[in-house]
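In UniProt numbering, the protein residues as written are 1 to 142.
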């Protein structure tokens, strides 16, 4: 459910990029259908550049959304993190504006997961030591 809510937050951004792409394509069509006697090369070049950039932004948005979804799935498999840690990291992932920042967030989450696992293992080892005969038979004067 957290993923669905977060994805809903991302959809309006994608929609704006779709609108920008559609607008750039429509501007090219309008330029062609205007049939001016003499067409300004700079105007044509600008229309082409605008549609290329809008297409690139749209594709980048798709990749960013895919990366966020994949990072969210990876996060759920990090079993040494608490639910609170996962929620916080998930919010950071879905608020990341670039693919590289999404990658950084999941890499940090994996490092934290490893640290949390080491901490839990250390606590478990300590409990084993406290229950061992070496601990009970240790001379307190040493």
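Virtual Cβ for every residue (Gly too), placed ideally from N, Cα, C.
Asked                                                                                                                                                    : Found
Alpha helix (DSSP H) containing residue 143: first to last residue?                                                                                      : Because residue 143 is not part of the residues shown, which for the chain are 1 to 142, the question remains open.
Three-state secondary structure (DSSP) at residue 20?                                                                                                    : helix
Report the rounded CA-to-CA distance for residue 22 versus residue 56, giving the unit in angstroms.                                                     : 13 angstroms
Give me the Cβ distance between residue 50 and residue 34, rounded to the nearest whole Å; I'm assuming they're in contact under 8 angstroms.            : Rounded, the Cβ-Cβ distance is 16 angstroms, inconsistent with contact.
Taking just the CA atoms, how far does residue 96 sit from residue 46?                                                                                   : 30 angstroms
Compute the distance between the beta-carbons of residue 116 and residue 80, then report whether it is under 7 angstroms.                                : yes
Among residues of its own chain, excluding the 5 on either side of residue 27, which ones have a beta-carbon nearer than 8 angstroms to its beta-carbon? : 47, 50 and 51
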